[in-house]
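Student:
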Amino acid sequence: MKNTKVTIAGVEFKNPVMTASGTFGSGMEYGEFVDLNKLGAVVTKGVASVPWPGNPTPRVTEVYGGMLNAIGLQNPGIDVFIERDLKFLQQFDTRVIVNVCGKTTEDYIDVVEKLGDTNVDMLEINVSCPNVKEGAIAFGQKADALYNITSEIKKHAKQPIIMKLSPNVTDITEMARAAESAGADALSLINTLTGMKIDIYKRNFALANKTGGMSGPAIKPVAVRMVYQVANAVKIPIIGMGGIAGAEDALEFMMAGATGVAVGAMNFINPYATVETVEGIEKFMEQQNINDINEIIGCVK
Amino acid sequence: MSQKKKVMATVVEQKQLAPGIFDMWLKTEIAADAKCGQFIGVYPEDKSNLLPRPISICEVNKEESMLRIVYRVAGEGTEEFSHYTAGKEVPVLGVLGNGFPVEEGKGKKAFLMGGGIGVPPIVQLAKELDCDKQAVVGYRDNNLFLKEDLEAYAKVYIATEDGSVGTKGNVMDAIAENALDADVIFACGPMPMLRAIKKYAADKGIPAYISLEERMACGVGACLGCVCKTTKKDHHSHVNNARICTDGPVFLAEDVDI
Chain A
188 MKNTKVTIAG VEFKNPVMTA SGTFGSGMEY GEFVDLNKLG AVVTKGVASV PWPGNPTPRV
248 TEVYGGMLNA IGLQNPGIDV FIERDLKFLQ QFDTRVIVNV CGKTTEDYID VVEKLGDTNV
308 DMLEINVSCP NVKEGAIAFG QKADALYNIT SEIKKHAKQP IIMKLSPNVT DITEMARAAE
368 SAGADALSLI NTLTGMKIDI YKRNFALANK TGGMSGPAIK PVAVRMVYQV ANAVKIPIIG
428 MGGIAGAEDA LEFMMAGATG VAVGAMNFIN PYATVETVEG IEKFMEQQNI NDINEIIGCV
488 K
Chain B
2 MSQKKKVMAT VVEQKQLAPG IFDMWLKTEI AADAKCGQFI GVYPEDKSNL LPRPISICEV
62 NKEESMLRIV YRVAGEGTEE FSHYTAGKEV PVLGVLGNGF PVEEGKGKKA FLMGGGIGVP
122 PIVQLAKELD CDKQAVVGYR DNNLFLKEDL EAYAKVYIAT EDGSVGTKGN VMDAIAENAL
182 DADVIFACGP MPMLRAIKKY AADKGIPAYI SLEERMACGV GACLGCVCKT TKKDHHSHVN
242 NARICTDGPV FLAEDVDI
């Protein structure tokens, strides 16, 4: 029996495959397509202390090899989330990682504290959403701001925290080091790349928000490069994401240094992508005679 | 509630109905669960265009496991579809959305209203509705499509913007010119038409079920891309933003802020 288990900050996952926040809701919608029990973890859509309405439409548009989104973190707030979404997820034999968003440090702490009393496995702190005007990205683009919020959250969190990093920075390793030195247990990267599309017939922006976050297969080389850089800059584990469509992509991220991998926008294109990635990794291990998936993590130096 | 699937469908036939308007029959197992007002996601083969294209169901043939879609070429994806011929395999996602509540029309006098590329779902609606059916449909000019299909199930009134066929003007002008009335409205079409219908229905005190559209990514309710403003709290996020793909695409007009 091949070992596909990986451990991140003391939490063991049956396999390294997760869902990227915001692309999988809380699993209810894609539970119609895939068996959630087969996933390493479900990483939920961002949840705030109160309901957020999100941005005006259009919120999504297609670009070459990917898409732009500016959803603006529409979510029902932590109370409904715990009562409904968490109850749903607890039926499954998979790890649950909750993505936490906020406008202020207090917002984040409020959500983190409420989740402290639940059996959620880990918290992913969203300091990198490019589509909301306050909070989020403001904490994720300056090393000192990232350091401060990470250490504040760490004081209140009962579960291990993953800081989700933005690629929209000059040097992502500087951000990674700041999060690590502030006590982050793990890092996830990359969030979306800020982009823009103009509708030349309407002479207007394709998105109501003007800019949006780019995701999809077109961003994968950028994400792999950043995972590699960060893996060489910090000691804490990394969850890699950005354009993963299947096992081959996921394995690239792992060889670059990621312990976990997340399927994001490709869920929209192939609703079976997560489970196909799990099965593809097993097949690759069989073919390549790899006994333990941990052997390949960061194997490319 | 049927299970959603992504499956390979096969093109049975395709023809052009009017400039830029194509009519395609697809053989697919998801036809078994389809009903009027629902839609499917159709995936382009060109991998630079990744997202499924949401296209309304024009007709369902359950006996032969076939779905008919009538769509307008609006970009690279639909342009690619328009070249497909019989035997072509096409990935589709479906069936999506809730469709028209045909039970709300039973025994009543209904307007079935379609505008432009909003006409196609009205055909299956006309087939399924069990009531006195008046189809009021609007087109830009004399390039009509699906008129005969509608005539098989409903009395048809036409409006054209240029006045070349039927009433000159829009569907509301056709109602006025023909002095029509109804107890319930079912409609699909451009936003100005749906706004006029919402106002008309409110003035007359009758329910109007309108089918909305918006830019979509997943089509299954996960991404929260295709929301519309609602007058009541939506059940997903509790922020008066319902998901058109899963909570709709058909809404009671008074429940949405359009």
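Chains as they are written, first to last, in this note's numbering: chain A, 188 to 488; chain B, 2 to 259. Cβ atoms here follow ideal geometry from the backbone N, Cα and C, with glycine treated the same way.
1) Please state whether the Cβ-Cβ distance between residue 409 of chain A and residue 443 of chain A is less than 8 Å.
2) Within 8 Å of any Cβ in chain A, is that where the Cβ of residue 222 of chain B sits?
3) Pick from A:326, A:234, A:436 and A:308: whose alpha carbon is nearest that of residue 238 of chain B?
4) Compute the distance between the beta-carbons of residue 146 of chain B and residue 19 of chain B, then report whether it is under 8 Å.
5) Would you kindly check if the distance between the Cβ of residue 405 of chain A and the Cβ of residue 253 of chain A is under 8 Å?
6) Would you say the region 349-364 of chain A touches the region 312-319 of chain A, given that touching needs at least three Cβ pairs under 8 Å?
7) On the DSSP bridge list, what partners appear for residue 243 of chain B?
8) Along the chain, where does the beta strand (DSSP E) that runs through residue 135 of chain B open and close?
9) How would you list, in chain order, the residues of chain B whose beta-carbon sits under 9 Å from the beta-carbon of residue 245 of chain A?
10) Give the list of continuous beta strand (DSSP E) stretches no shorter than 3 residues that lie fully inside the region 108-172 of chain B.
11) Could you work out which residue in A:437, A:267 and A:344 is closest to residue 240 of chain B when comparing CA atoms only?
12) Using the three-state DSSP reduction, which class does residue 416 of chain A fall into: helix, strand or coil?
13) I'd like the span of the beta strand (DSSP E) that includes residue 16 of chain B, first residue to last.
14) Listed from N- to C-terminal order along the chain, which residues in the region 189-212 of chain A have their beta-carbon within a distance smaller than 8 Å of any beta-carbon of chain B?
15) Could you tell me whether the Cβ of residue 258 of chain A comes closer than 8 Å to any Cβ of chain B?
16) Compare the C-alpha of residue 455 of chain A against each of A:303, A:220 and A:282 and name the closest.
17) With distances taken from CA atoms, which of B:172, B:157 and B:156 is nearest residue 163 of chain B?
18) What number of angstroms, rounded off, separates the C-alpha of residue 36 of chain B from the C-alpha of residue 394 of chain A?
19) Straight-line CA distance for residue 328 of chain A to residue 477 of chain A?
20) Do you know how far the Cα of residue 45 of chain B is from the Cα of residue 89 of chain B?
21) Output the distance between the C-alpha atoms of residue 221 of chain B and residue 40 of chain B, rounded to the nearest integer angstrom.
22) Using C-beta distances below 6 Å, list every residue in its chain close to residue 290 of chain B, excluding the 5 sequence neighbours before and after it, in chain order.
23) Out of curiosity, what's the CA-to-CA distance linking residue 77 of chain B and residue 367 of chain A?
24) With distance defined between alpha-carbon atoms, name the residue in B:117, B:198 and B:23 nearest to residue 86 of chain B.
25) When DSSP labels each residue in this structure, what does residue 103 of chain B get in the three-state scheme?
26) Which residues in chain B sit within 9 Å of residue 462 of chain A, going by Cβ to Cβ distance?
27) Give the secondary structure of residue 376 of chain A by DSSP, where H, G and I count as helix, E and B as strand, and everything else as coil.
28) Need the endpoints of the beta strand (DSSP E) that residue 249 of chain A sits in, please.
29) Keeping to the same chain, check which residues put their C-beta closer than 7 Å to that of residue 452 of chain A; ignore five residues upstream and five downstream.
30) Please confirm whether residue 448 of chain A has its beta-carbon closer than 8 Å to some beta-carbon of chain B.
Tutor: Put simply:
1) On the first sequence, position 222 is the one that residue 409 of chain A refers to. On the first sequence, position 256 is the one that residue 443 of chain A refers to. For the 8 Å CB-CB criterion, residue 409 of chain A and residue 443 of chain A do not form a contact.
2) In the second sequence, the residue the question calls residue 222 of chain B occupies position 221. With 8 Å as the cut-off, residue 222 of chain B counts as an interface residue toward chain A.
3) The count along the second sequence starts at 1 and reaches residue 238 of chain B at position 237. Measuring from the Cα of residue 238 of chain B, the nearest candidate turns out to be A:234.
4) As a working note, residue 146 of chain B is residue 145 in the second sequence. As a working note, residue 19 of chain B is residue 18 in the second sequence. Between residue 146 of chain B and residue 19 of chain B, the C-beta gap is smaller than 8 Å, which places the two residues in contact.
5) Locating residue 253 of chain A in the first sequence gives position 66, counting from the first residue. Locating residue 405 of chain A in the first sequence gives position 218, counting from the first residue. Contact: yes.
6) Segments in contact, yes.
7) On the second sequence, position 242 is the one that residue 243 of chain B refers to. Residue 243 of chain B is bridged by DSSP to B:229.
8) If you number the second sequence from 1, residue 135 of chain B lands on position 134. Looking at the DSSP string, the run of the beta strand (DSSP E) that includes residue 135 of chain B is 133-140.
9) Counted from its first residue, the first sequence places residue 245 of chain A at position 58. The answer, in chain order, is 215, 216, 226 and 227.
10) Here the runs fully enclosed are 110-116, 133-140 and 156-161.
11) Indexing the second sequence from 1 puts residue 240 of chain B at position 239. Comparing Cα-Cα distances from residue 240 of chain B to each of A:437, A:267 and A:344, the minimum goes to A:267.
12) In the first sequence, residue 416 of chain A corresponds to position 229, counting from 1. Residue state, collapsed to three classes: helix.
13) As a working note, residue 16 of chain B is residue 15 in the second sequence. Counting along the chain, the beta strand (DSSP E) containing residue 16 of chain B begins and ends at 6-19.
14) Flagged, chain order: 209, 210, 211 and 212.
15) The sequence position of residue 258 of chain A within the first sequence is 71, counting from 1. Yes, residue 258 of chain A lies at the interface with chain B (some Cβ there is under 8 Å from its Cβ).
16) Translated into the one-based positions of the first sequence, residue 455 of chain A becomes position 268. Nearest in C-alpha terms to residue 455 of chain A, of all of A:303, A:220 and A:282, is A:220.
17) As a first step, residue 163 of chain B must be located in the second sequence, where it is residue number 162. Taking residue 163 of chain B as reference, the option from B:172, B:157 and B:156 with the minimal CA-CA separation is B:172.
18) By one-based count along the second sequence, residue 36 of chain B stands at place 35. By one-based count along the first sequence, residue 394 of chain A stands at place 207. So the alpha carbons of these two residues sit roughly 32 Å apart.
19) Taking the first residue of the first sequence as 1, we reach residue 328 of chain A at position 141. Taking the first residue of the first sequence as 1, we reach residue 477 of chain A at position 290. Rounded to the nearest angstrom, the two C-alpha atoms are 38 Å apart.
20) Within the second sequence, the letter at position 88 stands for residue 89 of chain B. Within the second sequence, the letter at position 44 stands for residue 45 of chain B. Going from the Cα of residue 89 of chain B to the Cα of residue 45 of chain B covers about 12 Å.
21) The residue labelled residue 221 of chain B in the question sits at position 220 within the second sequence. The residue labelled residue 40 of chain B in the question sits at position 39 within the second sequence. Using only the alpha carbons, I get a separation of about 11 Å.
22) Nothing about residue 290 of chain B can be read from this structure; chain B reaches only from 2 to 259.
23) Position 76 of the second sequence, counting from 1, holds the residue named residue 77 of chain B. Position 180 of the first sequence, counting from 1, holds the residue named residue 367 of chain A. In this structure, the straight-line span from the alpha carbon of residue 77 of chain B to that of residue 367 of chain A is close to 45 Å.
24) As a first step, residue 86 of chain B is located in the second sequence; it is residue number 85 there, counting from the start. Comparing alpha-carbon positions, the option among B:117, B:198 and B:23 lying closest to residue 86 of chain B turns out to be B:23.
25) What you label residue 103 of chain B is simply residue 102 of the second sequence in a count that begins at 1. Assignment of residue 103 of chain B by DSSP, reduced to helix, strand and coil, places it in the helix class.
26) Taking the first residue of the first sequence as position 1, residue 462 of chain A is located at position 275. Scanning chain B for C-beta atoms nearer than 9 Å to the C-beta of residue 462 of chain A yields nothing, as the closest lies near 12 Å away.
27) Numbered from its first residue, the first sequence carries residue 376 of chain A at position 189. DSSP places residue 376 of chain A in strand when its eight states are reduced to three.
28) Walking along the first sequence from the start, residue 249 of chain A turns up at place 62. Its beta strand (DSSP E) spans residues 247-250.
29) As a working note, residue 452 of chain A is residue 265 in the first sequence. For residue 452 of chain A, same chain residues with a beta-carbon under 7 Å away, outside a window of 5 residues either side, are 210, 253, 254, 402 and 403 in chain order.
30) Against the first sequence, residue 448 of chain A aligns to sequence position 261. Not an interface residue.
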